[in-house]
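> Quick one: structure below, then a few questions.
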Amino acid sequence: MLNAREVRRFPAPDAFQGVAVDAHAFYGISNTRITKYDKATGRRLANWSDRSGDIVHLNSCAIQKTFLFCVHSNYPDKPARSSIEIFDAATLKHVGHRSLGITPGALTWADWHEGAWWLCYAAYGGFAQDPRKAESSTTVVRYDEQRRRKTWRFPTSVPNSFGAMSASGGAWGPGRYLYVTGHDRPELYVLRLPESGSVLRHVATIIIPGHGQAFGWDPTQPRTLYSIDRALRVVIVVQMPPIPTQEQ
Numbered sequence: 000m001l002n003a004r005e006v007r008r009f010p011a012p013d014a015f016q017g018v019a020v021d022a023h024a025f026y027g028i029s030n031t032r033i034t035k036y037d038k039a040t041g042r043r044l045a046n047w048s049d050r051s052g053d054i055v056h057l058n059s060c061a062i063q064k065t066f067l068f069c070v071h072s073n074y075p076d077k078p079a080r081s082s083i084e085i086f087d088a089a090t091l092k093h094v095g096h097r098s099l100g101i102t103p104g105a106l107t108w109a110d111w112h113e114g115a116w117w118l119c120y121a122a123y124g125g126f127a128q129d130p131r132k133a134e135s136s137t138t139v140v141r142y143d144e145q146r147r148r149k150t151w152r153f154p155t156s157v158p159n160s161f162g163a164m165s166a167s168g169g170a171w172g173p174g175r176y177l178y179v180t181g182h183d184r185p186e187l188y189v190l191r192l193p194e195s196g197s198v199l200r201h202v203a204t205i206i207i208p209g210h211g212q213a214f215g216w217d218p219t220q221p222r223t224l225y226s227i228d229r230a231l232r233v234v235i236v237v238q239m240p241p242i243p244t245q246e247q
């Protein structure tokens with residue numbers, strides 16, 4: 000295993016589900032709240048909280064241009080229903096909504112990469128057709144502009160590390176690898192697309208501060224990742240190690 004190095008941490012009471020980051024700010028995410036913080040000082044800049052009752056379980060947010068694209072599900076209710084909730088990153092005003100309807104699992108993260116959206120549907124025990132296969136049924140799906148899609152599953156080495164939960168965070172990052180976290184463990188899984196077949200390849204595992212959940216890559220600092228420790232309600236800035244070429 001590889002080890003990441005902690006650089007700094009910030010108090011962030013709303014960082015319960017994850018964190019997103021852009022050039023000037025980071026965003027603490029909880030089930031029904033998002034708080035924007037200054038990246039240099041940790042000062043609180045803006046806050047949004049749901050007052051409609053329609054938002055029950057925000058999981059993570061990805062930043063594209065000047066917007067937060069936040070994934071939402073009705074977890075733990077069944078059947079699984081998911082949506083993308085869109086916010087203006089400057090003001091945190093809720094500006095859009097895209098319903099995905101009934102989905103093959105709870106949508107836990109989304110990322111824009113190489114002209115397409117990549118979404119992860121987590122098949123927790125209550126959502127899987129066979130609860131004994133819940134973790135291995137979690138899928139990563141690529142959508143192009145025509146909504147045609149390709150689907151991949153995780154290699155067995157990764158779901159075995161998810162425990163009773165599933166993939167809580169994910170984003171493409173350095174080396175053009177897909178980086179994924181589980182729900183509890185202080186581990187970041189480095190994956191790549193297969194040359195053939197539909198199972199992702201496990202390249203490496205990195206030990207990180209915190210315990211899983213959604214994370215974000217700093218667009219202004221190479222190999223710098225923002226993660227959370229949900230028990231302590233802090234955001235942690237992490238410097239990532241180089242990734243070896245051999246697979247696990």
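In numbering that gives the first Met the number 0, the protein residues as written are 0 to 247. Positions of the beta carbon are idealized from the N, C-alpha and C atoms, including for glycine.
1) Could you tell me if residue 0 is buried or exposed, where buried requires 16 or more neighbouring beta carbons within 10 angstroms of its beta carbon?
2) Check this for me: beta carbons of residue 253 and residue 242, under 8 Å apart or not?
3) Could you give the DSSP three-state label for residue 173: helix, strand or coil?
4) Quick one, are the C-beta atoms of residue 112 and residue 171 less than 8 Å apart?
5) Measuring CB to CB, does residue 107 end up less than 8 Å from residue 19?
6) Could you check what DSSP says for residue 130 in three-state terms: helix, strand or coil?
7) Return the residue from the list 53, 10, 62 that minimises the CA-CA distance to residue 41.
8) Going by CA-CA distance only, name the one from 39, 27, 5 that's closest to residue 219.
9) Span of the beta strand (DSSP E) holding residue 185?
10) Using the C-alpha atoms, what's the distance from residue 116 back to residue 143?
11) For residue 167, which three-state DSSP category applies?
12) Would you report the Cα separation of residue 53 and residue 224, rounded to the nearest angstrom?
13) I need the boundaries of the beta strand (DSSP E) containing residue 147, first residue and last residue.
14) So, helix, strand or coil for residue 195, using DSSP?
15) Quick one: what does DSSP say residue 51 is sitting in, helix, strand or coil?
16) At the level of alpha carbons, what is the spacing between residue 92 and residue 59?
17) What are the partner residues of residue 204, as DSSP defines its beta bridges?
18) If we call anything under 8 Å between Cβ atoms a contact, is residue 237 one with residue 193?
19) How long is the line joining the alpha carbons of residue 139 and residue 118, rounded to whole angstroms?
Judging by the given coordinates:
1) exposed
2) Because the chain is modelled from 0 through 247, residue 253 falls outside the range shown and cannot be assessed.
3) helix
4) yes
5) no
6) Model confidence at residue 130 stands at a pLDDT of 43, short of 50, so the residue's coordinates are unreliable; what they give is reported in the following sentence. Correct three-state label for residue 130: helix.
7) 10
8) Minimum Cα-Cα distance from residue 219 among the listed residues 39, 27, 5 corresponds to 39.
9) From DSSP, residue 185 is part of no beta strand (DSSP E); its letter is neither H nor E.
10) 7 Å
11) In this structure, residue 167 counts as coil in the three-state DSSP scheme.
12) 31 Å
13) Per DSSP, residue 147 lies in no beta strand (DSSP E) segment and is marked neither H nor E.
14) coil
15) Note: residue 51 maps to coil in three-state DSSP.
16) 17 Å
17) 188
18) no
19) 6 Å
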